[in-house]
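All letters in the sequence shown, in the order written, are residues 413 to 562 by the numbering used here. Using N, Cα and C, we set each Cβ at its ideal position, and we do this for glycine too. So the structure is just underneath, and the comments pick up after that.
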Amino acid sequence: MTSLRSRSIRALIATLCVYGVLVATHQGEFWPFSIYPMFSQAGHPWSRVVVHEVAADTTDGSWPRPGRPLALRPLGVKANDVAALTAAVVAGDLGSGRQLQRLLAPPLAQHDLLVVRVHGRLEADSVALIHEPVLLLRPDTLLRYPTPAP
């Protein structure tokens with residue numbers, strides 16, 4: 413029995429050492445135990461929020477087409493915060509939309525912003541993307557899709 417116990421302990425220590433080496437050489441991440449969804453949820457449908465700058469002159473009554481994506485990191489805004497506020501707006505909480513407006517106030521002074529949810533899924537040998545507009549943010553206005561644009 414002692415032999416089995418000592419072999420089990422050695423196997424456990426060896427496994428932990430191999431795991432430690434893999435984590436140490438891969439910047440703290442080893443994919444079977446990863447917190448990043450691109451590894452732990454590979455192949456499953458996903459959804460992300462993207463904020464686009466848009467032209468302020470939408471005179472034909474339609475929603476503007478997405479322009480250049482807005483970089484959130486230079487603004488000190490975390491993508492998870494934007495995603496959580498957007499999810500709350502989709503659930504019907506327009507107060508979260510106003511929080512999002514305040515959070516993105518500096519770029520709103522220069523451009524209108526279109527908040528879009530992008531849904532992706534794996535199809536055969538490619539990735540299918542569906543862009544779903546959620547909010548049109550203006551300095552003084554908050555429009556939730558599918559509200560007609562003024």
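Asked, Found
"Tell me which residue opens and which closes the beta strand (DSSP E) that Pro545 is part of.", "538-549"
"Based on Cα-Cα distance, which residue from Arg485, Gly488, Glu465, Ala491 lies nearest to Gly479?", "Glu465"
"Out of curiosity, what's the CA-to-CA distance linking Arg419 and Arg485?", "50 Å"
"The beta strand (DSSP E) spanning Gly532 covers which residue range?", "524-535"
"Tell me which residues share the same chain as Ser508 and place their Cβ nearer than 6 Å to its Cβ, disregarding the 5 neighbours each side in the sequence.", "Leu497, Ala500, Val501"
"Give the DSSP bridge partners of Ser580, in chain order.", "The question about residue 580 has no answer here: the residues shown for the chain are numbered 413 through 562."
"Beta-carbon within less than 7 Å of Pro562's beta-carbon, same chain only, minus the 5 sequence neighbours each way: which residues are those?", "Because the pLDDT at Pro562 is just 45, under 50, the model does not fix this residue reliably, and the value given afterwards should be weighed accordingly. If we look at Pro562 and ignore the five residues flanking it on each side, it has no Cβ neighbours."
"Looking only at its own chain, which residues have a Cβ that is under 7 Å from the Cβ of Pro518, when we skip the five neighbours before and after it?", "Leu487"
"To the nearest angstrom, how far is the alpha carbon of Leu512 from that of Ala536?", "36 Å"
"Are the beta-carbon atoms belonging to Val527 and His543 less than 8 Å from one another?", "no"
"Give me the DSSP bridge partner(s) of Val466.", "Asp524"
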